[in-house]
Ligand code: HEM
Ligand SMILES: *[C@@H]1O[C@H](CO)[C@@H](O)[C@H](O)[C@H]1NC(C)=O
Ligand SMILES: *[C@@H]1O[C@H](CO)[C@@H](O)[C@H](O)[C@H]1NC(C)=O
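Numbering (mature numbering (1 follows the signal peptide of the UniProt record, and there is no 0)), first residue to last: -28 to -1, 1 to 320.
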């Protein structure tokens, strides 16, 4: 069939006119994020978030670590859409937070507190997805004494889909090999260097013994025996106790008993977000198999050494990597809303 150029042009113009008059569906794509997105829509919202994050960390520094983990676990699964915050319901009993890979995920009540304060100020305006990003950014900044910092663009929408199976598929497991870790990060367009940079977040927070089980029998080439003994002792103390991710935050008594040579390296301020993870890693004193695995591949090892040597470089590159993480978009065409309560989709 022969169609004249003019007829095609008319058809295209008509199609364009329709596209312009039909309002675009709310889509949670990451392409319209803007620094200062709420400047006019909800003035001062970033200060409100910061106030509540600072308060939570003052009460318990562990809340800060939990918020830093939350950005990763939200953004790697269906993009940064607050889907990790959704509670299970009879209609959807297996939301992301019920996934085994999300063991230990915390600080949900800090997000609730922020959301409540923000709703009181500007109802129905600020997404839970943006609150997760602002809160993680502020937590990282506070725990690093301001060395980790970046301007966080906003304008995300909250997703309505949350499935444990998606979390299991998209998040890395502590038992992963270096090949599996690299592949997992590559799927989200993150490089080997960024894998190393982001793993440095394990300078803070805690892990369950079930997440480091294999390390308790790993050979001395993979973990310093004195540290392994320390972990084994702690892990024998209950069904699934938690231990600090960073050996420098261990109890002095446990270190004195199992690993006295390390006593002088303990930190005064726990959960301080710095490059100590890389020093610990090179010394084979890290908790997770996935941490140690970074030493087993040439490029990754090079970056571990690089960040051990230059803490300022890590502060900067970690800030950039968190910013990149914060831009992971929802799957194309996903529905986006602004929830009233971050834990459920039914109240928007
Ligand atoms: C590279 C792959 C990664 C693996 C395999 C991994 C694995 C884990 C595991 C198993 C835990 C302990 C969970 C528990 O047993 O309670 C943990 C904790 C943590 N992870 Fe990761 N992680 C990875 C990357 C990241 C990234 C990219 C970040 C953030 C940028 C991050 C931040 C944290 C933080 C802050 C904690 C402590 C949380 C708390 O104390 O509440 N991790 N991670
Ligand atoms: C990764 O990059 C490719 C090519 O630019 C893009 O099509 C894909 O959506 C990106 N993946 C994610 C998870 O952002
Ligand atoms: C460490 O990194 C910072 C930030 O990139 C850079 O300015 C500085 O020159 C580096 N220091 C050393 C000793 O290489």
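We treat Cβ as the ideally placed atom computed from N, Cα and C, and that holds for glycine. As the structure is a prediction and not an experimental result, all values here were calculated from the model.
query: Classification of residue 15 by the beta-carbon crowding that lies within 10 angstroms, buried from 16 upward; result: exposed
query: Residue 222 and residue 213 closer than 8 Å at C-beta; result: no
query: CB of residue 42 within 8 Å of CB of residue 56, strictly; result: yes
query: Bounding residues of the alpha helix (DSSP H) (the contiguous stretch that carries residue 180); result: Unbroken run through residue 180 is the beta strand (DSSP E), 178 to 180; no alpha helix (DSSP H).
query: Whether residue 209 touches residue 139 by CB criterion (8 Å); result: no
query: Below 5 Å from a heavy atom of ligand 2 - residues by beta-carbon; result: 160, 161
query: Among 84, 22, 160, 62, the one whose alpha carbon lies nearest that of residue 54; result: 84
query: Of the listed residues 277, 306, 227, 86, nearest to residue 251 (C-alpha basis); result: 277
query: Neighbourhood of ligand 3 [Cβ distance below 5 Å to any heavy atom], ordered by chain position; result: 282, 284, 285
query: Residue 93 and residue 7 closer than 8 Å at C-beta; result: no
query: Simplified DSSP assignment, three categories, for residue 214; result: strand
query: DSSP three-state assignment for residue 303, whether helix, strand or coil; result: coil
query: Between the CA atoms of residue 58 and residue 314 - distance to the nearest angstrom; result: 7 Å
query: Alpha-carbon to alpha-carbon, residue 173 and residue 157; result: 15 Å
query: Distance cut-off 7 Å: residue 83 Cβ against heavy atoms of ligand 1; result: no
query: C-alpha gap between residue 126 and residue 77, whole angstroms; result: 23 Å
query: Residue range of the alpha helix (DSSP H) that includes residue 80; result: 80 to 93
query: Backbone CA spacing between residue 257 and residue 203 [nearest angstrom]; result: 10 Å
query: Ligand 1 heavy atom lying under 7 Å from the CB of residue 145; result: yes
query: Burial state of residue 311 (16 or more Cβ within 10 Å); result: buried
query: Sequence ranges, beta strand (DSSP E) only - wholly within the segment 163 to 209, length at least 3; result: 178 to 180
query: Proximity test, residue 119 beta-carbon vs ligand 4 heavy atom, cut-off 7 Å; result: Ligands present in the displayed structure are limited to ligand 1, ligand 2 and ligand 3, and ligand 4 is not among them.
query: Proximity of residue 266 and residue 168 at Cβ, strictly below 8 Å; result: yes
query: Residue 33: CB within 7 Å of a non-hydrogen atom of ligand 1; result: no
query: Option nearest residue 145 by Cα separation, candidates 31, 182, 241, 22; result: 182
query: Proximity test, residue 218 beta-carbon vs ligand 1 heavy atom, cut-off 7 Å; result: no
query: Beta-carbon proximity check, residue 90 vs residue 107, cutoff 8 Å; result: no
query: Burial state of residue 205, where buried means 16 or more other Cβ atoms lie within 10 Å; result: exposed
query: Straight-line Cα distance separating residue 64 from residue 38; result: 24 Å
query: Where residue 13 sits in the DSSP three-state scheme; result: coil
query: Of the residues 121, 13, 49, 131, the one placed nearest residue 289, counting alpha carbons only; result: 121
query: Within 8 Å, strictly: CB atoms of residue 300 and residue 47; result: yes
query: Option nearest residue 97 by Cα separation, candidates 12, 237, 295; result: 12
query: Member of 50, 272, 5, 264 whose CA lies at the smallest distance from the CA of residue 135; result: 50
query: Beta-carbon proximity of residue 23 to residue 17, cut-off 8 Å; result: no
query: Rounded separation between residue 200 and residue 275 - CA only; result: 25 Å
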